[in-house]
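Residues in the sequence shown are numbered from 4 upward in steps of one, following my numbering.
Note that CB positions come from ideal geometry on N, CA and C, so glycine has one too.
Heads up: the structure comes next, in structure tokens.
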Amino acid sequence: MLCNKHPQRKEKGGPESYNATGIEIDKKLEDLGGNRIYDLGLGDDDANMEEDFITWKEKFWEALCEKFGLEASAEDLSIRQFRLVLPTDVPKEKIYSGEVARIRSYVTQRPPFDAKNPFLATIVAHREIHKNGDRNCMHLEFDITGSRIRYESGDHVAIYPTNEEVLIERLYALSDGKHDLDTVFTLTAIEVTRTTNLFKRESSPFDAKNPFLATIVAHREIHKNGDRNCMHLEFDITGSRIRYESGDHVAIYPTNEEVLIERLYALSDGKHDLDTVFTLTAIEEDSNKKFPFPCPCTFRTALRHYVDITSLPRTHVLKELSEYCTDEADKAKLKLIGQPSVEGKELYNKW
């Protein structure tokens, strides 16, 4: 179990105690007569939780193998996952010079700007507001002239740091000197098999944007409390080369039921059937999103995979929908619901 080292520490707005669940389960197992194989692992979120876990995990496996007479396999294999290639015919404009995504985005700035195509804003003012120990609060002002960026609630800025030249030169001085610092190179992914303790891990290309669609092979309800329940699920990941690691999680890619899609389509004007291919593009040039969801696609695909048609619509959505009402009474009602008034809020809650 990986927990926090401060089970009694309290913070404003936080839980009364940290790691109560892990500590309580550990105590309960001990009270029931369980045989301890290794100490309860207590990590510290003020330091490095990952390092705490790795340290605890290695010692735990040693204790487990000793307890059950197992022989741990710990082959010292290279964990490099990329192959170095030194091309000789790459045009200068095709060579990255520090960009995080789009090549030459630092040289040719063009909207729309986002995390992969950042606008390089100059800091025009900065001052320290207050300082407390090793932490401080800074006031910063940025020049975003010409960016066509408009602040929206929740927006944030990012720092794209660069390492100091003196450190780069010192690090290069420790190398074998076969290639100078201005040599162009490419790293290409290779498959690596790494064996650590009792597990075998093979690299795979699956991630949030390229998910492995695993079949649920077992599911059962463990307990239920009011409107909440806890489920036990088992997934078939055969052929995925995925290995569970601490902190891994699965995602559900839900689809709307076909009967709901057909009912929603029946309310439309019927000018286009559900299998008509379409594209939605942002009207504003400086919009952060060019498309609201992957386009082009069919209306059926959009309603099945991308559009939420089962949740209650927000008031601002109902206000927008009121413009398409053919019944004047319905239009007036939706407009009232969309108003930030007491009457509008009461009507929405009642609805």
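Do His226 and Cys233 count as a contact pair if the criterion is CB distance below 7 Å? As a working mapping, residue 233 is identified with position 230 in the sequence shown. As a working mapping, residue 226 is identified with position 223 in the sequence shown. Their beta carbons are under 7 Å apart, which means Cys233 touches His226 by this criterion.
The region 228-244 contacting the region 272-290, beta-carbon criterion three pairs below 8 Å: no
Just how far apart, CA to CA, sit Lys322 and Gln342? As a position in the sequence shown, residue 322 is number 319, starting the count at 1. As a position in the sequence shown, residue 342 is number 339, starting the count at 1. In a straight line, the C-alpha of Lys322 is about 8 Å away from that of Gln342.
Considering only the alpha carbon of each residue, which of Thr258, Lys348, Asn352 and Trp64 lies closest to Arg307? Counted from its first residue, the sequence shown places residue 307 at position 304. The shortest C-alpha separation from Arg307 is found at Thr258.
I'd like to check one pair, Asp239 with Val220: are the Cβ atoms closer than 7 Å? If you number the sequence shown from 1, residue 220 lands on position 217. If you number the sequence shown from 1, residue 239 lands on position 236. In contact: Val220 and Asp239 (Cβ atoms closer than 7 Å).
Within 10 angstroms of its Cβ, does Asn22 collect 16 or more other Cβ (buried), or is it exposed? By 1-based counting over the sequence shown, the position of residue 22 is 19. Buried, by the Cβ-count rule.
Quick one: is Arg83 buried, meaning 16 or more other Cβ sit within 10 Å of its Cβ, or exposed? Residue mapping note: residue 83 aligns to position 80 of the sequence shown, counting from 1. Its pLDDT being 45, under 50, Arg83 is placed unreliably by the model, and the measurement read from it follows with that caveat. When all chains shown are included, Arg83 counts as exposed.
Cβ-Cβ distance between Ile28 and Lys70 below 7 Å: Looking up residue 28 in the sequence shown gives position 25. Looking up residue 70 in the sequence shown gives position 67. It is not a contact, given that the beta carbons lie outside the stated cut-off.
For His142, the residue or residues it bridges with in DSSP: Position 139 of the sequence shown, counting from 1, holds the residue named residue 142. For His142, which the question treats as bridged, DSSP gives the partners Arg130.
Per DSSP, Arg231 is paired with what? Sequence index remark: in the sequence shown, residue 231 carries index 228 (1-based). According to DSSP, Arg231 bridges with Asn228.
Go through its chain and collect everything with a Cβ distance to Ile147's Cβ below 7 Å, but skip five positions before and after it. On the sequence shown, residue 147 is found 144 positions in, with the first residue counted as 1. Result list for Ile147: Phe122 and Ala124, in chain order.
Reduced DSSP secondary structure (H/G/I, E/B, other) of Phe56: For the purposes of this step, residue 56 is taken as the residue at position 53 of the sequence shown. Helix at Phe56.
Measuring only the C-alpha atoms, how far is Leu339 from Phe116? For the purposes of this step, residue 339 is taken as the residue at position 336 of the sequence shown. For the purposes of this step, residue 116 is taken as the residue at position 113 of the sequence shown. About 36 Å.
From Glu131, Ile106 and Arg130, pick the residue whose C-alpha is nearest to that of Lys119; which is it? Translated into the one-based positions of the sequence shown, residue 119 becomes position 116. It is Ile106.
If you count every other CB in all the chains shown that lies within 10 Å of the CB of Asp55, and 16 or more means buried, which is it? Taking the first residue of the sequence shown as 1, we reach residue 55 at position 52. So Asp55 counts as buried.
What would DSSP say about Leu263, mapped onto helix, strand or coil? Here the question's residue 263 lines up with position 260 in the sequence shown. It is helical.
If we ignore side chains and look at the alpha-carbon of each, how far apart do Trp64 and Leu177 end up? To locate residue 64, count along the sequence shown from 1; it is residue 61. To locate residue 177, count along the sequence shown from 1; it is residue 174. Roughly 36 Å separates the two Cα atoms.
N- and C-terminal bounds of the alpha helix (DSSP H) containing Thr318: To locate residue 318, count along the sequence shown from 1; it is residue 315. Looking at the DSSP string, the run of the alpha helix (DSSP H) that includes Thr318 is Thr318 to Ser325.
Segment contact flag, the region 179-192 with the region 86-93, C-beta cutoff 8 Å, min 3 pairs: yes
Kindly indicate which three-state DSSP category Asp210 falls into: helix, strand or coil? For the purposes of this step, residue 210 is identified with residue 207 of the sequence shown, where counting begins at 1. Asp210 falls in the strand class under three-state DSSP.
Exposed unless 16 or more other CB atoms sit within 10 angstroms - verdict on Phe296: Within the sequence shown, numbered from 1, the residue matching residue 296 stands at position 293. Exposed.
With H, G and I counted as helix, E and B as strand and the rest as coil, what does DSSP make of Leu73? The count along the sequence shown starts at 1 and reaches residue 73 at position 70. Three-state DSSP puts Leu73 in coil, outside helix and strand.
Helix, strand or coil at Cys298 according to DSSP, with G and I counted as helix: Start at 1 with the first residue of the sequence shown, and residue 298 comes out as number 295. Cys298: coil per DSSP, three-state reduction.
In angstroms with no decimal places, state the Cα-to-Cα distance between Lys334 and Phe145. Taking the sequence shown and counting its residues from 1, the one referred to as residue 334 is at position 331. Taking the sequence shown and counting its residues from 1, the one referred to as residue 145 is at position 142. Distance between the alpha carbons of Lys334 and Phe145: 44 Å.
Other residues of its chain near Pro299: CB distance less than 7 Å, five sequence neighbours each side excluded: By 1-based counting over the sequence shown, the position of residue 299 is 296. Counting only Cβ-Cβ distances below 7 Å, and skipping sequence neighbours, we find Val280, Phe281 and Thr282.
Integer-rounded CB distance, given that Ile245 should sit under 8 Å from Phe215: Indexing the sequence shown from 1 puts residue 215 at position 212. Indexing the sequence shown from 1 puts residue 245 at position 242. The Cβ separation is near 6 Å, so the contact holds.
Let me know the secondary structure DSSP gives Val345 once reduced to three states. Residue 345 sits at position 342 when you count from the first residue of the sequence shown. Val345: helix per DSSP, three-state reduction.
On the three-state DSSP scale, how would you describe Phe63? Position 60 of the sequence shown, counted from the first residue, corresponds to residue 63. Three-state DSSP puts Phe63 in a helix.
Give, in chain order, every unbroken run of the beta strand (DSSP E) that is at least 3 residues long and sits entirely within the region 144-180. none
Measuring alpha carbon to alpha carbon, tell me which residue in Val345, Lys292 and Glu155 is nearest Pro114. Working through the sequence shown from its first residue, we reach residue 114 at position 111. The shortest C-alpha separation from Pro114 is found at Lys292.
Cβ neighbour criterion (16 or more within 10 Å) applied to Ile264: Here the question's residue 264 lines up with position 261 in the sequence shown. The residue in question, Ile264, is buried, as its Cβ has 16 or more Cβ neighbours within 10 Å.
Of the listed residues Arg303, Ile286 and Leu43, nearest to Val262 (C-alpha basis): Sequence index remark: in the sequence shown, residue 262 carries index 259 (1-based). Of Arg303, Ile286 and Leu43, the residue nearest in Cα terms is Arg303.
Measuring alpha carbon to alpha carbon, tell me which of Asp210, Ser243 and Glu102 ends up nearest Pro164. Mapped onto the sequence shown, residue 164 falls at position 161. Ranking the options by Cα distance to Pro164, first place goes to Glu102.
With a cut-off of 8 Å on the beta carbons, I'd call His159 and Leu143 a contact; round off their distance for me. Numbered from 1 along the sequence shown, position 156 holds the residue referred to as residue 159. Numbered from 1 along the sequence shown, position 140 holds the residue referred to as residue 143. Between Leu143 and His159 the Cβ distance is about 12 Å, and since that is not below 8 Å, they are no contact.
Counting along the chain, where does the alpha helix (DSSP H) carrying Lys338 start and finish? Stepping through the sequence shown from its first residue, residue 338 is reached at position 335. Glu331 to Ile340 is the span of the alpha helix (DSSP H), which, as asked, contains Lys338.
Can you tell me whether DSSP reads Ser236 as helix, strand or coil? Working through the sequence shown from its first residue, we reach residue 236 at position 233. Residue 236 is actually Leu in this sequence, not Ser. Leu236 falls in the strand class under three-state DSSP.
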